[in-house]
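Colleague: Residue numbers (UniProt numbering), protein chains in the order written: chain A, 1 to 184; chain B, 1 to 184.
In this text, a Cβ means the ideal position worked out from N, Cα and C, and glycines have one as well.
All values derive from a computational prediction rather than experimental measurement.
Structure provided below as structure tokens; questions to follow.
Protein chains: 2
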Amino acid sequence: MGKEMSAEQPKTRKPRADTLRNRELLLSAAAEVFRGDGGSLEAVARKAGLGIGTLYRHFPTREALFQAVYAREVEILERRAEEDSLEEWMREALRMMATKRGMVAALAPVFEPESCFISEQSERMRGAVAALHARAVAEGRVRADVTSEDLMRVLLGINYGPGADPDRAGLLLDVFLDGLRPRS
Amino acid sequence: MGKEMSAEQPKTRKPRADTLRNRELLLSAAAEVFRGDGGSLEAVARKAGLGIGTLYRHFPTREALFQAVYAREVEILERRAEEDSLEEWMREALRMMATKRGMVAALAPVFEPESCFISEQSERMRGAVAALHARAVAEGRVRADVTSEDLMRVLLGINYGPGADPDRAGLLLDVFLDGLRPRS
DNA sequence: CTTGAAAACGGAGGATGCCTCCGTATTTTA
DNA sequence: TAAAATACGGAGGCATCCTCCGTTTTCAAG
Numbered sequence: 001m002g003k004e005m006s007a008e009q010p011k012t013r014k015p016r017a018d019t020l021r022n023r024e025l026l027l028s029a030a031a032e033v034f035r036g037d038g039g040s041l042e043a044v045a046r047k048a049g050l051g052i053g054t055l056y057r058h059f060p061t062r063e064a065l066f067q068a069v070y071a072r073e074v075e076i077l078e079r080r081a082e083e084d085s086l087e088e089w090m091r092e093a094l095r096m097m098a099t100k101r102g103m104v105a106a107l108a109p110v111f112e113p114e115s116c117f118i119s120e121q122s123e124r125m126r127g128a129v130a131a132l133h134a135r136a137v138a139e140g141r142v143r144a145d146v147t148s149e150d151l152m153r154v155l156l157g158i159n160y161g162p163g164a165d166p167d168r169a170g171l172l173l174d175v176f177l178d179g180l181r182p183r184s
Numbered sequence: 001m002g003k004e005m006s007a008e009q010p011k012t013r014k015p016r017a018d019t020l021r022n023r024e025l026l027l028s029a030a031a032e033v034f035r036g037d038g039g040s041l042e043a044v045a046r047k048a049g050l051g052i053g054t055l056y057r058h059f060p061t062r063e064a065l066f067q068a069v070y071a072r073e074v075e076i077l078e079r080r081a082e083e084d085s086l087e088e089w090m091r092e093a094l095r096m097m098a099t100k101r102g103m104v105a106a107l108a109p110v111f112e113p114e115s116c117f118i119s120e121q122s123e124r125m126r127g128a129v130a131a132l133h134a135r136a137v138a139e140g141r142v143r144a145d146v147t148s149e150d151l152m153r154v155l156l157g158i159n160y161g162p163g164a165d166p167d168r169a170g171l172l173l174d175v176f177l178d179g180l181r182p183r184s
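Okay, here's the thing in structure tokens:
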């Protein structure tokens, strides 16, 4: 808080090339390893052809890695939120999550309910849901006492909760959405 | 299948006293350790003042231990299933689960979606839900395409899924139950 | 191009947890 | 009380986590 007064341009070096390259390597390795349900962090580093230390420097925690892998998909969802209806969108999200189910298992070891991966960076995702939710509420299409975060909860719960079955998730979402309509 | 023909009384010894005592010690230690979210099996054995080997002999797997701790609560639910309505019962189950949320986190490390703790021994719990569900379907009070196992999934999902919030679970269940009524 | 310092890499190693195995101790039965 | 049955304890092999620091790579100033 003392030395650097000026904005932020003067003292920044260009980011090193290997850093960016390795980050990419790690992300794709992680996606592949985690897809197989239950890979270790060391396995990720190995598959990327990098040291374990490098992995930890890029992604200090399990969650950080997970979120980074997910980032791109979230962006897509974010974009779709502008044209889809709430129901369409939730179904789309459902499909997307189904393909990555294994990651949660891999994530589980250090899972803390508090700093859950819903929060933090995926603020953007919540933003997308919030927007859709607000619209739907304004149009009187959904109950007002259910929050957009509740929607996330249900989505994640039927996908990743204990005993979740991707084949049933669609139907369960249908039921929930039915119940979501304002009381008649 | 060859030697012992008669029922099961003749060749059974009396169960050893230490076995029963230790089983109790382990169960209460487990309940306490797991409540604190994220305890190790070795911590359980330590708190019980017993060797890790003893723990494993009593409860060969994480799930076995978890289920044993839960057994009593399940019995209660089983009993209530005979007098409660489906909705009342699910709310009761909700309350019960809320108190034990940490255990799922502790269970997670070896979590296999397949041999999930829903299945296996807690067959009885599923039986209870199944009975309630069958009754409700017969009376035309719920959609027939949702199975009793789906009900468990939702219950567990909104309680233990990522981002679950015990304070919201009740409302979410309400919504789901609303949607569960047959399409008009 | 050279060069030195900033930045990043690699992986050894300490810590912890899982689970098995078997020598020792306890309990039961005769 | 002694033999047989049963249970106990915890060392040890293996896997993973994560940190720490000596070595290597990259950048940019001269």
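1. Check the Cβ of F34 of chain A against every Cβ in chain B and list those closer than 8 Å, keeping chain order.
2. Taking only the alpha-carbon atoms, compute the straight-line gap between V175 of chain A and L180 of chain B and give it to the nearest angstrom.
3. Specify the secondary structure class of R21 of chain A as computed by DSSP and reduced to three states.
4. For the alpha helix (DSSP H) that T54 of chain B lies in, which residues bound it at each end?
5. Classify I158 of chain B: buried if its beta carbon has 16 or more other beta carbons within 10 angstroms, exposed otherwise.
6. Starting from R45 of chain B, trace the alpha helix (DSSP H) both ways and give me its first and last residue.
7. Measure the CB-CB distance between K47 of chain B and A29 of chain B and report whether it falls below 8 Å.
8. Taking only the alpha-carbon atoms, compute the straight-line gap between C116 of chain A and G140 of chain A and give it to the nearest angstrom.
9. Under DSSP, the alpha helix (DSSP H) around A169 of chain B begins and ends at which residues?
10. Please work out which residues of its chain come closer than 6 Å, Cβ to Cβ, to A130 of chain B, disregarding the five sequence neighbours upstream and downstream, and give them in chain order.
11. Buried or exposed: which applies to L20 of chain A, given that a residue is buried once 16 or more other Cβ atoms fall within 10 Å of its Cβ?
12. Using beta carbons (cut-off 8 Å, strictly below), is L41 of chain A in contact with chain B?
13. For a contact defined as C-beta to C-beta under 7 Å, what are the partners of L65 of chain A on chain B?
14. By the DSSP assignment, the alpha helix (DSSP H) with R153 of chain B in it spans what residues?
15. So, is A17 of chain A buried or exposed, given that buried needs 16 or more other C-beta atoms within 10 angstroms?
16. Under a CB-based cut-off of 8 Å, is R153 of chain B close to chain A?
17. Between I52 of chain B and L41 of chain B, how many whole angstroms is the CB-CB distance? I'm expecting something under 8 Å.
18. Look at G161 of chain B and L156 of chain A and say whether their C-beta atoms are less than 8 Å apart.
19. Using a Cβ cut-off of 8 Å, pull out every chain A residue sitting near L177 of chain B, in sequence order please.
20. Of all the options A:L177, A:H58, A:Y70, which has the alpha carbon lying nearest to the alpha carbon of R35 of chain A?
21. So for E139 of chain B, helix, strand or coil by DSSP?
22. Counting only beta-carbon separations shorter than 8 Å, does D167 of chain B have a partner in chain A?
Modeller: The relevant details are as follows:
1. Those within 8 Å of F34 of chain A in chain B number zero; the least Cβ separation is about 14 Å.
2. 6 Å
3. helix
4. 52-58
5. buried
6. Per the sequence shown, the amino acid found at residue 45 of chain B is Ala instead of Arg. Start and end: 41-48.
7. yes
8. Model confidence at C116 of chain A stands at a pLDDT of 39, short of 50, so the residue's coordinates are unreliable; what they give is reported in the following sentence. Going by the C-alpha atoms only, they are around 31 Å apart.
9. 166-180
10. S148
11. exposed
12. no
13. Chain B residues near L65 of chain A: none, gap ~16 Å exceeds 7 Å.
14. 148-160
15. exposed
16. yes
17. 7 Å
18. yes
19. G179
20. A:Y70
21. coil
22. no
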